[in-house]
Amino acid sequence: MAPRLVFILLVPVFIITKTCNGASSPKFPALLIFGDSTVDTGNNNYINTVFRGNHQPYGQDFPGRVATGRFSNGKLVPDFLASMLELKESVPPFLDPTLSDDELRSGVSFASAGSGYDDLTTVASGVIPVSKQTGYLKMYVERLERIVGEEEARRIVNGALVTVSAGTNDFIFNFYDVPTRRLQFNVSGYQDFLLNRLQSFVKELYNLGCRIMAISGLPPVGCLPSPNDCKI
């Protein structure tokens, strides 16, 4: 029987399993992260864009008080999730040239700050649209196969917890700041457009071997640290 695609809610019952001797073991072999600044752990440091969080005041509460490229004063959700899953304490960006084989095996982030499901969102910034992040997943799988072999690489990707977080930038950049898409769609129409893009993305992830996915919804778009400060 072909593997099933499983969507899960992140609740404690999924986090840790117990072995027969009572010791805990990771529920998932790896974390694979896609999306925007909410989950980008530093990929934008390695591409040609001004959208970077590798400077103050970012990172003031990160271990070592280092600005890593995370658009946060400290860790991001993928980092806390990796710790809860007992995989590691933080999730590295896939584009980090110093990424070790051990780090690769237990998961990486392919996300890019400023990204979105709509490719138009990233035209001006030069960041990596969500639709292109699967290209890095293919590179990840190829490298993983060289490290652990094809069968084990397939097991890791099939069992990995895949998380996707994006969509806010699409509305901010294309519907409110520069209303390009507002000339084509009303709000409901643009929502449908983005959902179709997300559906295509999920299908591509499935075709590449991903089976367990958690996809976050959009939060209310309120006051954000942006030039125009408050959005509605």
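FYI, the numbering for the sequence shown is -22 to -1, 1 to 210, going by mature numbering (1 follows the signal peptide of the UniProt record, and there is no 0). Glycine included, every Cβ here is placed at the ideal spot set by N, Cα and C. The model shown is predicted, which means the values in this text are computed figures rather than measured ones.
Here's a check: name, in chain order, each residue in its chain whose Cβ is nearer than 6 Å to the Cβ of residue i, leaving out the five neighbours to either side.
i	result
G94	A144, N147, D148
F49	S15, G31, A91
What separation, rounded to the nearest whole angstrom, lies between the Cα atoms of residue i and residue j?
i	j	result
P107	G13	8 Å
L161	E128	47 Å
S194	R159	23 Å
K66	N164	43 Å
I(-7)	L115	Unreliable positioning characterises I(-7) in this predicted model, as indicated by a pLDDT of 44, which lies under 50. The coordinate reading is nonetheless provided below. The straight-line gap from Cα to Cα measures roughly 25 Å.
Tell me which same chain residues have a C-beta within less than 7 Å of the C-beta of residue i, skipping the five on either side of it?
i	result
Q34	A45
F29	N22, A91, G92, S103, V105
E81	P70
Sorted by chain position, which residues of the same chain lie with C-beta nearer than 8 Å to residue i's C-beta, five sequence neighbours on each side aside?
i	result
S178	S109
R132	G187
N51	P35, Y36, G37, Q38, D39, F40
N26	G104
Would you mind working out which of the options sits nearest residue i, comparing C-alpha positions?
i	options	result
R83	T112, F58, L98, N136	N136
residue 213	E182, L176, V180	Outside the displayed range of the chain (-22 to 210) lies residue 213, so it cannot be described from this structure.
Q57	D170, G20, E128	The sequence shown places Asp at residue 57, not Gln. The option with the nearest alpha carbon to D57 is G20.
L139	L9, G47, E123	L9
G47	M191, F72, A60	F72
D155	T99, Y24, V86	T99
In this structure, what does DSSP give as the bridge partners for residue i?
i	result
P71	S87
V142	F12, I193
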